[in-house]
Structures are given as C-alpha cells and as structure tokens.
Amino acid sequence: MHFNKFAIIFKREYLSRVTSKAYIITTLLAPLIFLSFFLIPIAVILLSPDTQRVVVVADETGTIAPRMAEMNPELFLIADETQSIDSIRERVMQGEIQGYVVITEDIITGDRSPELIYGGTGGIGFITEIQGALRTSIRNEKLDRAEVPDEVRSIMTERVSLTTRVLTETGDEEQDAGMLVFLGIGLGMVMYTSMFIYGGIVMRGVIEEKTSRIVEVIVSSVRPFELLTGKVMGVGALAITQFVFWALAITGISALSAPILLYFFGSNASAAGGGADTQEALRAAEAELPFTMPEISLGLMVGFIVFFLLGYLMYSALFAAVGSALESETENQQLSIIVSLPIIIPIFFLSPVSTDPDSTLAVTLSLIPLFSPIIMPVRMAIMNVPFWEIGLAIVLMILTFIGLMWLSSRIYRVGILMYGKSASLKELIKWARYS
Amino acid sequence: MSIIKIDSIVKRFGDFLAVDNVSFNVNEGSIFGVLGPNGAGKTTTIRMINYITIPDSGSVLIKEQKAGPQSQQLIGYLPEERGLYKKMKVGEQLLYLARLKGMTDRDARASLQYWLDRFGAIDWTKKNLGDLSKGQQQKIQFISTIAHDPEICIFDEPFSGLDPINSELLREVIIELNKKGKTILFATHRMEQVEQMCDDICLFSQGSIILTGSLSDIKRSFGNNTVRIGFRGDDSFLDDLDHVRINNRSANYAEIRLLEGINEQQVLRKAVDKVEITLFEFVQPSLQEIFISTVNDSVTRKAIQNKVS
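Read top to bottom, the protein sequences are chains A and B.
Reading the first sequence from the start, the letters are residues 1043 to 1477 in the numbering used here.
Reading the second sequence from the start, the letters are residues 248 to 556 in the numbering used here.
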C-alpha cells in the first residue's frame, strides 16, 4: 500500500467531516444533554416556589410541642391555650395555616396514634417531615421520662450503613453489581448506536463518491483498497475524536457539578464534613444517596475503546461493501438490513447477559466476533471477565475483520464502477468471485 | 515509438466477456481515437490502461513499464461519467486530486493557478462545486484531469454535454497539449471529431478490435467506392438498386456504398432515368460509413460463427 496516498485520503476523510457543522453540533450537544441531567433537577428545586407552611401543634401535655418547635420553628407553631380546636380548624379551612396536630397523654404512652388534620396540600415530603418530627419528639420525651443515660441514647441514634463488595478470584474486592448492570446495558446501547452511526457515515461516504462518479477519478490515482482503508480509518479517527472529547467533557462536568450537587442535596453531609474538605463531604453525600455511583475503571474504558474500534472496523467493512452496491441510500433496504442484523441481535440478549454475565449463553455470545463489540463490554462492566476470553474475542474479531475487509474490498472495487442500478445480494456474491 | 502497448488483453465479468483478446499500440505524441458503439469494451479497456481494473490475461505497457501505481501518475483521465465532490470547495478539491496524482503541494498550487487562470475560473476556488453551473463544473473537471501535467491524456467522450463555446475551448486546449508533445487518447462515437483530430484509430465491436491503424491508411484501403448523390424527384429508385448499401438517406440526398457487381456509371444511368440530378460525386467513404459497415460485417460474422459453433 502507498502510504503517502493513504495519508492524503485519510486526512481528507477526517478533516472534511471533523469541520462539518453537523459533526461539531452533535459533538458539543451530547455533553450538554448529559449536563442537563444534573442541571434540570437543580433548576427544578431552585425554581419551585418556596412557600412557608405552618402546622399548629395543640399539646395538652405541653411536652411534645416545644420539642417540635425547637426542631423546625418555622413549620411548627405551639397553640396557645386560649385557642379552641374549633378556631384552629377554622384557620385551616381558611388556608391561613396548613394543618394541626393534637397531642394527648395517651399518644405519648403509645395507646393512640397522633392525627394530622390538614388542607390536603404539601405532599409526601410535608407529611414525612411532620411524621419524623413527631417520632423523634415522642421518643425523646419517653427517653427523658425513663431517665435513660446519654450513652444509651447515642447508641440509639447510631447509624449502621452497609457497603457491599464482591470478592474476585484474584482476591481483589470490587464494587457492587447492582448499578453495574445499568452501566453495562448503557455501554451496550452506546456501542449499538455507535456501530450504526459510524458504519452509516462510511456507507454514505461510499455512496456519495459512487453516485457523484468522482470515484472513477480517484481510483485512476490510487488503488480502490487504499481509498477504502483511508475512508474507514478517517471515519474511525473521527469517532475516536468524538469519544475523547466526550470523555473529557463529561469528566469535567462531573467534577464541576459534584460540589453543586452537594450544595443542594448534601446539606447534612457537608455539615458533617465541616464544609472545608470537599472530597470527604462528597463521600459523605454519596453515602446519603440510596445507591453507590458506579466507577468506570480505566480498564473498562480501554476495553470499550478497543471493542468499539474492532467492531467499527468489521461493520464499516460490511457497510462499505453494501454502499458500493447502492445507487442511493434509500435503495435496496434488503442489503442494509442484512448488515444491520448482527448489530441488532445482541440487543435482545442485553438483559439475560447482564443479569447472568457468566452464563454459557453470555460467554458464547461475547465470543461470536460480530456480537463481541456489544456483548463483551456489557460483561466487562458487570464482572471480571477472564483475560483469555477477552483475548480470544479480540483475536477472533481481528481475524473476522481481515476476512471481511478482503471480501468487502473485492465487492467494493467492482461495485463502485457499476453504474445504473443498485445490485442485489446475488450480484454482490458474483462480484466477489471476479478475478 | 509506442507509449502505450496493449497486448492480447482479456477481461471477463462472470460469464460476460467484456474485452476479448485486444491488442493495439498508441504512438507517443499522437492523437488516438478509440471508437465503437456503447458496450463494445472501450471503457473497460481504458480502465485497464488507467490501472483501475487489471486484465485477466495479456499485458498493458505504459512507456515499456507494466501499468501500475507509477504509470497512473503519467496519465490524466477524464471519465465519461463526470463527477467531483459536490460539497467540497473547488480549490481544495483540485488540490486534493493533484496531490493524489503524486504532486507536491507547491507544484500543485502553481499548476492549478495557471489552469484556473486559463479557464477564467480563479474566482470559483472558494465556492462549493455544487454551486457552480454545469458548464463551470465541466471546466473544473477538465482542469483536474490535466493539472498534474500528464504525458498521456485520456478523454472519454470529452465533448459530451458541452456548449459550442466550451467545446471549442476544449478542442483548442487538446490540440495545444498535443503540440506540447502529449499523447492524447480519446474515446467517442462522434465521427466528425475523430476525422478532424485523430492520427490513428481503433474500432471496437463486441469486445474486440475489428479495425486499427492510421486514419488515412484506413480510408485509403476502403477505396473510392462511395457515391454522393443529390436529386430532385421521387427517391424510390434508390430502393431498386442492387449491390449497394445506402447511408445518410434523406428526401433528396443519399450516400451510396458500391459493393461487388456494380459501378458508379450504372448507378448514374439508373438515376438519370428517374430523377433530376443536382449532385453526383465519387469519393472516399466517410468514417461514419466505414464504422457502420465494419461493425455490421463483424456482428454478422460473429453471429454466423456462433451458429456454426
């Protein structure tokens, strides 16, 4: 192969696309969409009207209401003794206050549950807050009455959190699989979309050159194989550029948004961490979330890129062969569907593979070269895939790529010069046999 | 000296024999016409000269070297089916194509400057090709063919789709290139251009060459055997003539090729009886006539051969 000419083609294929408006817009837009996942919840909180709610606590015992008022003086108002329950009811009906609770001695002893009478607005958060305040106040009153020592009280308020770690064959402890299933399926979907997007770019490129007839001028200067590889590599570099940009952008956004998230969601945690040490505060904030954020390890990132590249190479070879047979993109869907099937099939297995990534089904699928790019990263995200399986999958994909490239370039060199009508699968097979 | 030597090339596409044992030579500095009906194997042969496709057997030698990446740089090729990148800037596009032909960036820029100026196309370089008119695109395509100063220029139907003014401009440039010593090979089925411009020709029919040599030799070998007749009156007398083939027949004009068993005097005598003669000339056959009669003979012969075998 003539390296100099390959380089000229590679450069054009890459530069003409990387500077196109559509590419720049999608490249910039994707991280913004990602960013919006963080910003929208924050915006919702910031923009929601912060109405001050008031609940009157009519306490016959005089022991619970002060405790509640101490916890949240804005929300809980102690009813003064001159007020009758009827007048309080009247105020709720008028909307001056949002509700009231009557506390009696038998509530403290636990013979009866307290009742909240309220206007019907405020939602779950409002009720949960009142419930929590009541529970704590009544418990503390009971503890006081029983004269429980401070040591016992501190034991009662202790929190035990559970972290789960998976013990692997090599003795390393890994993080929990719960969230990793989502990560795996997410990676599988990203891979699936990428195959179509970048394979499609190669196919459209081939069709454009064929229908505009410039291909005949180009192959009077370079071998069709050089044109094909230059195009495939140029578009591959385009994909890598996009991934690297996204990875950097998302890392940057995450780093920036963590403190912001912390500010809004982790007020308790930041108080615990003293607010000074962000790292510690972040960890504390994470502990408050109902799940652990999955970590994307460097190994997984490298694995994703390697499997993407090999998958892209195999599929772009196929898409290029199909493109060379078509007169326009909309013609002969039959051929496009045949090439798309191996990308679509693994999607149906994402769920069984991710729930049982070590099953015979999962292992087999992840070793079938055309399925590997989608199935293997899913397994790698969830479990520690044995090294030999990854190695075998890579070797099989490389061999498949070489075979497909050989076949596809035979079809391509004939197809690009066949003008007039789109070819059928039968004709493609015939072309591949030409000497 | 032959700059292109083609020896017994064969090219099959599956069962279809596109080029069947074709041989011919193109002299350096000549204008060579490749003639033949559509589907006769002209484009396939030209693609093999360009090393776009490779013959199944036989050889293509360019300057005594086997056709390959090296010879591609010596050739400028204007395909019959024109086309460039529609959404690419004219300047970038021409530079790209010249670089693919092996030129350095600097040489390419200098050469493009000259030709863009020559064709009055300097102002178009920043435009996308798709925004130019058809005629303007044709000029750009032509520049892309010759910008790398090729020793051999191959034009497949160069005049098709050109208006008369651009047609004339192109003809001038082709003649000028030839005067500079470039070898021109052009494929066409427009006979008048071949008669005006070509030194040598070869004639394709059904994948084979049925006639090749210098234009003047070929014409001479066909002899003075054609009568051009103009007349006033009923033209039905033409149908009564035996041993002739009639070309270019219209209401009061015909070209009559004389076959064995008749001479021009007999034709004249029959004509005088029936119509008033306005023109009677005994001439060499036109290339059109040679073309049609040779192709017809060859097709008939092949058909008979196929029946026998």
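Beta carbons are placed, not taken as given, at the ideal position from N, Cα and C, and that holds for glycine.
All figures in this text were calculated on a predicted structure; none of them were measured in a lab.
For residue j and residue i, the rounded distance between their alpha carbons
i: leucine 1222 of chain A; j: leucine 1412 of chain A; result: 24 angstroms
i: phenylalanine 1285 of chain A; j: leucine 1074 of chain A; result: 14 angstroms
i: alanine 357 of chain B; j: serine 1058 of chain A; result: 23 angstroms
i: methionine 1356 of chain A; j: alanine 1281 of chain A; result: 15 angstroms
i: glycine 1317 of chain A; j: methionine 1135 of chain A; result: In this prediction, glycine 1317 of chain A has a pLDDT of 41, which is less than 50 and means its spatial position is unreliable; nothing more can be read from the coordinates.
i: arginine 1463 of chain A; j: glutamate 1250 of chain A; result: As written in the sequence, residue 1463 of chain A is lysine, which differs from the arginine given in the question. Spanning the two alpha carbons is a distance of roughly 15 angstroms.
i: isoleucine 551 of chain B; j: glutamine 453 of chain B; result: 14 angstroms
i: arginine 1095 of chain A; j: leucine 1117 of chain A; result: 6 angstroms
i: glutamate 339 of chain B; j: threonine 372 of chain B; result: 8 angstroms
i: leucine 534 of chain B; j: leucine 416 of chain B; result: 24 angstroms
i: proline 1394 of chain A; j: isoleucine 1432 of chain A; result: 19 angstroms
i: leucine 409 of chain B; j: tyrosine 1056 of chain A; result: 34 angstroms
i: leucine 488 of chain B; j: arginine 496 of chain B; result: 14 angstroms
i: isoleucine 539 of chain B; j: arginine 492 of chain B; result: 11 angstroms
i: glutamate 439 of chain B; j: tyrosine 1240 of chain A; result: 50 angstroms
i: serine 1401 of chain A; j: leucine 1392 of chain A; result: 13 angstroms
i: glutamate 1200 of chain A; j: threonine 1151 of chain A; result: 24 angstroms
i: alanine 1311 of chain A; j: threonine 1271 of chain A; result: Low confidence applies here, because alanine 1311 of chain A scores a pLDDT of 43, under 50, leaving its location unreliable and the question unanswered by this model.
i: leucine 506 of chain B; j: valine 474 of chain B; result: 11 angstroms
i: valine 441 of chain B; j: lysine 1063 of chain A; result: 48 angstroms
Chain-order list of residues whose beta-carbon lies under 6 angstroms from that of residue i (same chain, five-residue window excluded)
i: serine 1309 of chain A; result: Residue placement at serine 1309 of chain A cannot be trusted, given a pLDDT of 46 that sits under 50; the coordinates are not used to answer.
i: phenylalanine 451 of chain B; result: Gly283, Ala287, Gly288 and Lys289
i: proline 1388 of chain A; result: Phe1413, Ile1416 and Ile1417
i: aspartate 1319 of chain A; result: Low confidence applies here, because aspartate 1319 of chain A scores a pLDDT of 49, under 50, leaving its location unreliable and the question unanswered by this model.
i: tyrosine 1160 of chain A; result: Gln1140 and Gly1141
i: serine 545 of chain B; result: Ser452 and Ile457
i: glycine 1247 of chain A; result: Lys1273
i: valine 1143 of chain A; result: Val1099, Pro1156 and Leu1158
i: asparagine 494 of chain B; result: Glu502 and Glu536
Rounded Cβ spacing between residue i and residue j (contact assumed at less than 8 angstroms)
i: serine 306 of chain B; j: lysine 313 of chain B; result: 7 angstroms
i: phenylalanine 273 of chain B; j: serine 249 of chain B; result: It is worth fixing the name first, because residue 273 of chain B is valine in this sequence and not phenylalanine. With 8 angstroms as the limit, valine 273 of chain B and serine 249 of chain B qualify as a contact, their Cβ atoms being about 6 angstroms apart.
i: phenylalanine 478 of chain B; j: alanine 518 of chain B; result: 7 angstroms
i: isoleucine 390 of chain B; j: phenylalanine 366 of chain B; result: 6 angstroms
i: leucine 1360 of chain A; j: serine 1450 of chain A; result: 6 angstroms
i: proline 1156 of chain A; j: isoleucine 1149 of chain A; result: 5 angstroms
i: leucine 1467 of chain A; j: isoleucine 1380 of chain A; result: 7 angstroms
i: aspartate 1101 of chain A; j: isoleucine 1120 of chain A; result: 7 angstroms
i: leucine 342 of chain B; j: leucine 359 of chain B; result: 7 angstroms
i: isoleucine 1227 of chain A; j: serine 1378 of chain A; result: Not really, about 25 angstroms apart at Cβ, beyond 8 angstroms.
Own chain, CB closer than 8 angstroms to residue i, minus 5 neighbours either side, in chain order
i: valine 281 of chain B; result: Lys289, Thr292, Ile293, Leu432, Phe433, Ala434, Thr435, Ile448, Cys449 and Phe451
i: leucine 216 of chain B; result: The requested residue 216 of chain B is not part of the displayed model; chain B covers only 248 to 556.
i: isoleucine 1453 of chain A; result: Ala1363, Ser1366, Ala1367, Leu1470, Trp1473 and Ala1474
i: asparagine 375 of chain B; result: Lys333, Lys334, Met335, Lys336 and Val337
i: threonine 1178 of chain A; result: Arg1109 and Met1113
i: arginine 1154 of chain A; result: Thr1146 and Asp1148
i: aspartate 1398 of chain A; result: Ala1404
i: glycine 382 of chain B; result: Leu409, Asp410 and Asn413
Own chain residues within Cβ distance below 7 angstroms of residue i, not counting five before or after
i: asparagine 1114 of chain A; result: Ala1175
i: leucine 515 of chain B; result: Phe527
i: arginine 1133 of chain A; result: Ile1139
i: glutamate 1371 of chain A; result: Arg1246 and Ile1249
i: valine 1456 of chain A; result: Trp1473 and Tyr1476
Beta carbon of residue i nearer than 8 angstroms to that of residue j
i: glutamine 388 of chain B; j: asparagine 413 of chain B; result: no
i: cysteine 400 of chain B; j: phenylalanine 279 of chain B; result: no
i: glutamate 1268 of chain A; j: phenylalanine 1048 of chain A; result: yes
i: leucine 1342 of chain A; j: methionine 1422 of chain A; result: yes
i: lysine 252 of chain B; j: leucine 308 of chain B; result: yes
i: tyrosine 298 of chain B; j: threonine 392 of chain B; result: no
i: methionine 1231 of chain A; j: phenylalanine 1350 of chain A; result: no
i: aspartate 254 of chain B; j: serine 270 of chain B; result: yes
i: leucine 1185 of chain A; j: isoleucine 1169 of chain A; result: no
i: proline 1419 of chain A; j: leucine 1229 of chain A; result: yes
i: serine 455 of chain B; j: asparagine 268 of chain B; result: yes
i: arginine 1255 of chain A; j: proline 326 of chain B; result: yes
i: isoleucine 1458 of chain A; j: leucine 1352 of chain A; result: no
Contact test: residue i Cβ vs the ligand COA heavy atom, cutoff 7 angstroms
i: alanine 498 of chain B; result: Looking for the ligand COA in the displayed structure turns up nothing, as the structure carries no ligands at all.
Within the segment 251-321 of chain B, ranges of the alpha helix (DSSP H) (whole runs, at least 4 residues): Qualifying alpha helix (DSSP H) stretches, in chain order: 289-296 and 316-319.
Any alpha helix (DSSP H) of 4 or more consecutive residues that is wholly inside the segment 417-492 of chain B: Annotation: the segment 417-492 of chain B contains the following complete segments of the alpha helix (DSSP H) (minimum length 4 residues), in chain order: 438-444 and 462-469.
Could you give the uninterrupted runs of the alpha helix (DSSP H) lying entirely in the segment 1099-1160 of chain A, keeping only those of 4 residues or more? Runs found: 1106-1113, 1127-1136 and 1147-1150.
Counting only runs of 4+ residues fully inside the segment 1406-1458 of chain A, write out the alpha helix (DSSP H) ranges in chain order. Runs of the alpha helix (DSSP H) inside the segment 1406-1458 of chain A: 1414-1424 and 1429-1457.
Whole alpha helix (DSSP H) runs in the segment 1226-1301 of chain A with 4 or more residues, listed along the chain? Complete alpha helix (DSSP H) runs here, min 4: 1256-1260.
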